[in-house]
Amino acid sequence: MKISRLTIGSFGKLKNFSIDFGSGLNIVYGNNEDGKSTIMAFIRAMFYGKNAKSSDLSKNFRKKYLPWDGTKMSGSVEFEADGLTYRLEKEFGPTNAADKITLWNLADGEKEKIPSGTDIGQRFFGIGASAFEKSVFIGQLGNVVNGDSDKDDEITQKLTNLVSTGDESISQKKVTGRLLSAKEFFKSKGGKVGLLDKQIQYLNLLKDELASAKADEAEKNDAQLKINRLYEQKASFEKEYQHHSLCLELQQKLADIDRLDALIVKKKGIDELFSELNQKKALLTAGELTVDTAFLDSCEQKISGVNSLKEKSAEKKQQIDSLNKQLDDLKSEDLLKVTSLDVSDIKAKINEQDTLLKNISGLERDVKKLSEINQQKKDLSDSEKHLSLLEIQKKDLEGKIDALKTEILGSRQKSENDKLSLDLKNSEVHTLKEQSEIANTDFRVAAQHYKDVLEFSDHRLEMAQVKLKQATAERQTINDSSKSGINLPFLFFGAVLLIISVILGITIHFAFYAGIIGALILCFFSYSSGKIKTASSKSAYDKIVLNAKEKLDLIQAQIDSENRDAYEKQKLCEEKLAKSKVRLSDILKNAEELKAVYLNSIKKLSDLENKGIELNTDLQVINEKVSSAQLSISEKRQKLDEIIALFPNLEDIPSLKIMLDENIHSLEDTENYIRSRLYDLNCADFDKLIEKNMKWQNYQSRLSSKSDDINNAVKELDEFNSELDSMLLKALTQISAYRPVENIDDAVMTIKGLRDIISETEILNIKINSQSELLHSDFKNKSASELNDSITLMKDEILSLNNGSLPKKLNDDEITGLKELCGGSLDALQKTKEDIIRINSDIRNKFLNKKTVSEIDNEISSIGNDISEKEEYCGCIDTALAVLDESFIEIRQSFGPMLNTATAQIFEKLTGGKYRDVIVSRSFDINIRDGQGSSSHEWQYLSSGTIDQAYFSLRLAVSDLLAKSSSPLPILLDDVFMQYDDYRTELGMNFLNDYSKNTQIIMFTCHNNILESADKVPGALTIRL
Amino acid sequence: MYNIKIIHTADIHLGAEQSSIGEKSRQRKEEILMTFDRIISVCKNENIALLLIAGDLFESNNLDNSLYNTVKKAFREIPRTTVAIAPGNHDHISISSPYIDKDWSENVFIFTSPHIQSFEFKEKGFRVFGSAFNDPYLTEAILGAVNPPEDELLNICVLHGDLISQSQQSSYGPVTSAQIGSSGMDYVALGHIHKRTGILKSGRTYYSYCGCPEGQGFDELGEKGVYKGSISKGGCKLEFLPLCSRMNIELNVDISGASSCNEVVEIILSTVKNKYGDGFNKHLYKIIMEGEIAPDFNIDCVAVAARLENQVFYIKVKDLTRIAVDIDSLSHETTLKGIFARKMLEKIASAVKSGGSDEEKHYRTAMYLGLKAFDSEVKYNEN
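In structure tokens, the structure reads:
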């Protein structure tokens, strides 16, 4: 099968692209990103639409190679297969099923039918997508970097996988490992932590639980049996209890029969009592009237009313007698008559006496008050006089103060004038002192200046002399040095350089001897420069000596002039200083005199001011006194006014005294009258009079009251008598209804008789009731014959209950025994019932919410199913593992040797005979044997190029073997020679050229050298993208 | 001729907790009781003359008294309905059984012996026959020759038992169709098998399993309820009345082509919505994912379940997908994978030839597990 042309409408980044291939070796050159990978993906996609995991080429190619401009992927491939030429056109949809595929048979121009769901690749190549990829696409092994163990492992893995599984991406160990791991998830090696292990453990637990639940059931059954036994006991106790109860019932019935017999006797007694009762009741009847307790009570009430009224009437009579007697006694009493008139007369006089006493007291108070006012008025007048005196003193003092003030003002003026004169003088002194100091300073400056001028003149003179000497000396020196002509500094440096060079030449390096040359040059230079200098200096120095002499003379003249000026200036200053000192002394004396005058006037002013202060103090004292006196007068006047206001009507004292005397006389008259009246009435004082008056009034009132009492009592007595008559009539009338009675005593007797009869009937009734109560309620109203019937009935009942015989009647002790037996069986019955309830309750509580057999059975069944399902799953894994092992053995036995042979052939050709075999041992160690076959090498020790060649050989061999059954497929190589050197590339190219005679080869590369190498191969077609 | 209205129910398993569904089990426990309440309501509202309870009314006889009291109270509320209970293996008669209590209302009739007993309701026109488990296991035939009177009264039997063929044995009250046919009954109400049968007939006797009214696991699938209708001499008009709160549903969903968890969830959701309509979310689902998926897509059942948990009442997901691979072409490859595929196909063909469907299934599973291992880790996948 050969691909002759690819036309890409749109696929990934390629658009309207076409490429033609030759039938042999094709080398497609292009830079990275030129679309080599896209072309390979396009070829795969054209033949195999489904995604399958293999490499980048097939992973979601529909997404990965979706055209960038959004158009649909489309294209065609022309190829030759089985001697026919086809063109496969495809427009890709989102899924395989949506692809539009057209297959043209170019030989006859007909469309070929393609069954849906089939891959074109499968049809033409007979292999699936995965196998197609493995056989058709061969890449490089990758860069091998020595020492990179990870990479080594990866390569080993790839090579091993290729040899052991035919697929570099599949490792048998890994597949087995995955299956084992899946199995271990269920069944761990330790048999504990796997899912299935745990379920089996749980199942075993459930089985234990089931055994326990079954034991629970057995316990429940035992308890049930126990309860059944208790039920039997219960039935037995019930029977026993019923028997004893029946016996008791029969005895009870026998006792009832006896009681009925006794009742019949009693019933007769009661009947007799009834007849007696009836007789008594007849006695209480008169005509239509039946006497009863109410009747008697009514009659007795009336009789009692009559008696009560009689008693009241007698009592009233006695009361009247007693009152009459008391009245008489009262009347006989001897009592002095003191009337209220007497009392009021004396009382008026006493009041008058009080008024007079008050008047006298008021007049006396007025007289006293008036004296006080007069005294205050006098006091006020004195104070006013004192005030006027104080005011005169004040005026006098104020006059003195004013005179003193004028004097102080004059004195102050004078002192200020003196001060001014003194200040002026002081200022003058100050000015003079300053002038004197300036004159002194000027003098000292002039003296110093003179001294300095003298010193400087000496110095200058000395300097000029020195310069003259130097000039003379230098002239002399020039004369001397002109004889030698050597420049000493140069000579010195030359010598130093010479010594250093020699030392360094000896100690460090001979090269330092070169310094000697420099030293010699310096020496020569010193000599020659000296000569030149001496000749030019002689005339110059003569001139300097002459200048120096002239300068010395000039300085001498200047010094003399300056000294003279300085001395004169010093003298002038000295005189000025003496003058200013004399003047200062005069002025100072004058100033002292002025100061004494000033101090005197100050002292006088101070004395005057002190006096002024004293006078002011006195004035202040007087002022205070005046204001105090004014305040006092004002207060006194106010007080007097207030008193006068309080007593506005005060008359003068004499008239007041007259009125006082008059009142005293009236008082004496009144007192005499009172005394005389009290005496007449035999009273010591007015209180006594009041007491006697009270007694008199009391006596009068008692007399009146007593008379009223007597009148009332007589009236009541009359009422009682009238009521008594009425009541008596009523009582006699009521009793006469039963039997006629004439008087009250007869009536009382009749009533008593009737009361006795009623009492007897009541006793009879009680007896009857008492007897009746003893009868059984059922038989209360039954007659004796009826009771006899009842007895017969009961006997029949007993016979019926006791199987036709009357039981023996038991005595009390026997009945007590029977009752105890009955109670005992009832207790036992009750206890049995309680036991049943308790056992039931205990069992329920014990097993409450505990799993039962059926529940556990269900759970076991459920988990059993689950376990079976998982066991089956594990079984499937085991089967897969077993089949995998079988497959592995097969591939090792058949595929391995074939692969070794095929690889060896390719490898030998590819390496030009240098290496012969790539041998993969049974343990999958990979060795490479050299051309002579003398030694083999582990692949790790070979160059990356050799390893790549070995890998390529293996891949090509695998490809051969995979596609063995079909016609040779084209092989697409992705830069497989990248690691090769030029020689190997050439060998590789030759090999491929040779190989391509049977198989179309399309090699993609981005390396120019490979392209160049390909150009040298005669049959190769090179294509540039 | 009497024609009475009955309800036939069984295997309610009050008090049972479906522990495999985790925290929802408490809710389900209560829902069983609510379903029981619905049965009582139907009895009350439709004047049901006879409520037949063919065993396993309670999950066990070790339950709390409060539950028993609730049930007793419920029966007390339908005094006009005769309630006939034949205790089953789960709530068999025992000392701890509530059935021996004395405080059942007068309309409740409980069989207490493994031998057939009967109650006659002349005024209502029927007799009820029945028996009870008195042990978790009952290996003897539960329905012998009863020979009920041949009169106008309807003879109805209620039993908890295992319907078996003549040659089989069972520890759960074995009964055969022949025994039913010769029982002389008009209708035999059976319990024990949680999946309902149709209304069957043996001889002149009608009989059926009504199934449980509320499914309690993924082995009790679909809609559940009771049989309701009328029985007359020679006539049996019973119809299935759905009463369950929610269904247990096992659904195989083909997720071929999905390449992410989201897509898988979408496919599952749209499938259940299509199938169960608006009320799809109230059910319990066991989703078995099938179909072919890319070899490099590993489905995480926990993740899928997590995304569906909020959409439905309960979800369990199991992955039975297989990788998308062209086995035939693969088997032609001279690679380990190819040879493996070829050998597996040979074994499958051999199993098919010998008619062993289980064996074929086994090899097919093994093959896909093996092929999966070539591409990625093999994981047993269910949440």
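Each protein sequence line maps, in turn, to chains A and B. Quick note: the first sequence uses my numbering, first residue 1, plus one each step. Quick note: the second sequence uses my numbering, first residue 1, plus one each step. Each residue gets a CB set at the ideal place from its N, CA and C atoms; glycine is no exception.
Ser385 (chain B) - partner residues in DSSP beta bridges: For residue 385 (chain B) there is no data in the structure shown, the boundaries of chain B being 1 and 383.
Determine, using beta carbons only, whether Gln157 (chain A) comes closer than 7 angstroms to chain B. no
Residues of its chain near Ile664 (chain A), where Cβ-Cβ distance is below 7 angstroms and the 5 sequence neighbours each way are ignored: Ile360
Report the option in A:Phe79, A:Glu691, A:Ser411 and A:Ile350 whose CA atom is closest to the CA atom of Phe125 (chain A). A:Phe79
Using a threshold of 7 angstroms, state whether the C-beta atoms of Ser421 (chain A) and Leu615 (chain A) are closer than that. no
Within the same chain, show all residues whose beta-carbon is closer than 7 angstroms to that of Phe414 (chain A), passing over the 5 residues directly before and after it, in chain order. A quick correction: the sequence has Lys, not Phe, at residue 414 (chain A). Answer for Lys414 (chain A): Ser601, listed in chain order.
Please check if any C-beta of chain A sits within less than 7 angstroms of the C-beta of Val317 (chain B). no
Please identify the residue among A:Asn563, A:Ala262, A:Gln319 and A:Leu248 whose C-alpha is closest to the C-alpha of Asn811 (chain A). A:Leu248
Just the chain A side, please: which residues come within less than 7 angstroms of Asn383 (chain B) by C-beta, in chain order? By Cβ distance, chain A contributes nothing, its closest Cβ being about 13 angstroms from Asn383 (chain B), past 7 angstroms.
What are the residues of the stretch 43-66 of chain B that lie near chain A, defined by any Cβ-Cβ distance shorter than 9 angstroms? Asp56, Glu59, Ser60, Asn61, Asn62, Leu63, Asp64 and Asn65
Of the residues that make up the stretch 344-359 of chain B, which ones have a beta carbon closer than 8 angstroms to any beta carbon in chain A? Met344 and Lys347
Should the stretch 297-311 of chain A be called in touch with the stretch 638-646 of chain A, which here means at least 3 C-beta pairs below 8 angstroms? No: the two stretches stay apart, fewer than three of their Cβ pairs being nearer than 8 angstroms.
Would Leu987 (chain A) and Gly875 (chain A) qualify as a contact pair, given that the criterion is a beta-carbon distance under 7 angstroms? no
Cα-Cα, which of A:Ser707, A:Ala784 and A:Ser501 is closest to Leu330 (chain A)? Among A:Ser707, A:Ala784 and A:Ser501, the Cα nearest to that of Leu330 (chain A) belongs to A:Ser707.
The stretch 830-858 of chain A: positions lying closer than 8 angstroms to chain B by Cβ: Ile839, Asn840, Ile843, Arg844, Phe847, Leu848, Asn849, Lys850, Lys851, Thr852, Val853, Ser854, Glu855 and Asp857
Which residue or residues does DSSP assign as beta-bridge partners of Ile101 (chain A)? A:Lys90
I'd like to confirm the pairing. Which residues does DSSP put opposite Pro968 (chain A) in its beta bridges? Note: Pro968 (chain A) sits in no beta bridge, so no partner.
Which term fits Ile267 (chain B), buried or exposed, when burial requires 16 or more other beta carbons within 10 angstroms of its beta carbon? buried
In chain A, what lies closer than 7 angstroms to Phe340 (chain B) by C-beta? Contact of Phe340 (chain B) with chain A by beta-carbon distance below 7 angstroms involves Val883, Leu884 and Ser887.
By alpha-carbon positions, which one of A:Leu1011, A:Lys1016, A:Ile1002 and A:Glu1012 ends up nearest to Phe21 (chain A)? A:Ile1002
Any C-beta of chain B sitting closer than 7 angstroms to the C-beta of Ala957 (chain A)? no
Which one of B:Leu14, B:Ile39, B:Gln27 and B:Ile78 has the shortest CA to CA distance from Lys228 (chain B)? B:Ile39
In this structure, what does DSSP give as the bridge partners for His8 (chain B)? B:Leu52 and B:Tyr227
Which of the three DSSP states is assigned to Leu14 (chain A) in this structure? strand
With distances taken Cα to Cα, identify the nearest neighbour of Glu250 (chain B) among B:Lys347, B:Ser131, B:Ile287 and B:Val83. B:Ile287
Under 7 angstroms, Cβ to Cβ, is there at least one residue of chain A near Pro136 (chain B)? yes
Are the beta-carbon atoms of Ile768 (chain A) and Thr750 (chain A) separated by less than 7 angstroms? no
Take Lys317 (chain A) as the anchor and find which of A:Ile101, A:Thr285, A:Glu719 and A:Gly612 has the nearest alpha-carbon. A:Glu719
According to DSSP, simplified to helix, strand and coil, what is Phe686 (chain A)? helix
Would you please verify whether the beta carbon of Gln233 (chain A) is less than 7 angstroms from any beta carbon of chain B? no
Residues near Leu432 (chain A) in its chain [Cβ-Cβ closer than 8 angstroms; skip 5 each side]: If the five residues before and after Leu432 (chain A) are omitted, its C-beta is found closer than 8 angstroms to the C-beta atoms of Ser580, Arg583, Leu584 and Ile587, all from its own chain and listed in chain order.
Spatial distance of Leu390 (chain A) from Leu631 (chain A) (CA atoms): 14 angstroms
On the three-state DSSP scale, how would you describe Ser208 (chain B)? strand
Identify the contact partners of Tyr276 (chain B) in chain A, using a Cβ-Cβ distance below 9 angstroms as the criterion. Within chain A, no residue comes near Tyr276 (chain B); the closest Cβ sits about 25 angstroms away, beyond 9 angstroms.
Mind checking if Phe125 (chain A) is an interface residue toward chain B, Cβ cutoff 7 angstroms exclusive? no
Would Arg62 (chain A) count as contacting chain B if we go by Cβ distances under 7 angstroms? no
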